[in-house]
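So that you can map any letter, position 106 of the sequence shown is 368 in this note's numbering, and since no number is skipped, the others follow by simple counting.
Below is one structure, written out as structure tokens; comments come after it.
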Amino acid sequence: MKVFHRRGVLIGWPTIATMVLAWVLPLSGFFYLTSRNAQLIAVLDEHKRQIDEYRAESQYLRERLRLLEAIEGRQTNLTPDEEAHLARHIWDQSAEHNIDPYLLLAVVEVESDYDRWSVSPMGACGLMQVKPSTARAVTAQLGWEWPGDDHLFDPGFNI
């Protein structure tokens with residue numbers, strides 16, 4: 263057995279091996295735990311991202327439900343399916359044009375009182391009381407084909 267002599271202390275191989283292991287094992291454990299900690303942080307970050315997505319989707323659905331409930335709370339001559347259709351179109355158009363959906367809902371209430379078949383003395387039609395001449399101009403500007411005056415009575419098209 264070889265022995266090392268250092269400053270008057272004799273150290274044998276078993277002692278050296280034990281000392282190296284006593285240093286290497288905790289160090290390797292530290293690196294393992296550091297690596298595992300990084301993995302867990304990545305998993306946690308992914309879960310937080312998913313929770314944020316679920317919260318945003320939940321908030322979106324709550325807002326749409328509130329809009330539908332606001333429509334259902336009014337006296338309309340629309341069927342429940344038509345009310346849901348109206349709520350979806352109001353929501354989509356408000357999001358597309360960055361307008362408060364309740365402003366669009368207020369316009370519908372003031373202009374037609376939710377009567378999709380409403381026609382004013384001036385010839386404005388539908389929920390938002392759009393004149394056919396205005397609708398033709400807007401559809402031409404958007405590059406759409408004019409489907410006819412009767413489409414102004416379709417809530418989705420009118421909004």
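The beta carbon of each residue, even a glycine, is placed where N, CA and C say it ideally should be.
Keep in mind it's a predicted model, so treat the numbers as computed, not measured.
What are the start and end residues of the alpha helix (DSSP H) that includes W353?
342-359
Since V370 is in the alpha helix (DSSP H), which residue starts that stretch and which ends it?
363-374
Length of the line joining the Cα atoms of H413 and I303
55 Å
Quick one: is H359 buried, meaning 16 or more other Cβ sit within 10 Å of its Cβ, or exposed?
exposed
As assigned by DSSP and simplified to three states, the class of I273
strand
Of all the options R311, I352, D314, Q312, which has the alpha carbon lying nearest to the alpha carbon of L422?
Nothing in the structure corresponds to residue 422, since the chain is present only between 263 and 421.
With distances taken Cα to Cα, identify the nearest neighbour of I421 among T401, Q337, G405.
T401
Same chain only: Cβ atoms within 7 Å of I347, ignoring 5 sequence neighbours per side:
Correcting the residue type first, residue 347 is His in the shown sequence and not Ile. Excluding sequence neighbours, H347 sits near P417, G418.
CB L389 to CB V370, shorter than 8 Å?
yes
When you compare only the Cα positions, how much space is there between F293 and R350?
54 Å
Could you pull the DSSP bridge partners for V381 from this structure?
C387
Using a Cβ-Cβ distance cut-off of 8 Å, determine whether E331 contacts chain D.
No chain D appears in the structure shown, which is made up of a single protein chain.
Buried or exposed by the 16-neighbour rule on C-beta atoms within 10 Å, applied to A368
exposed
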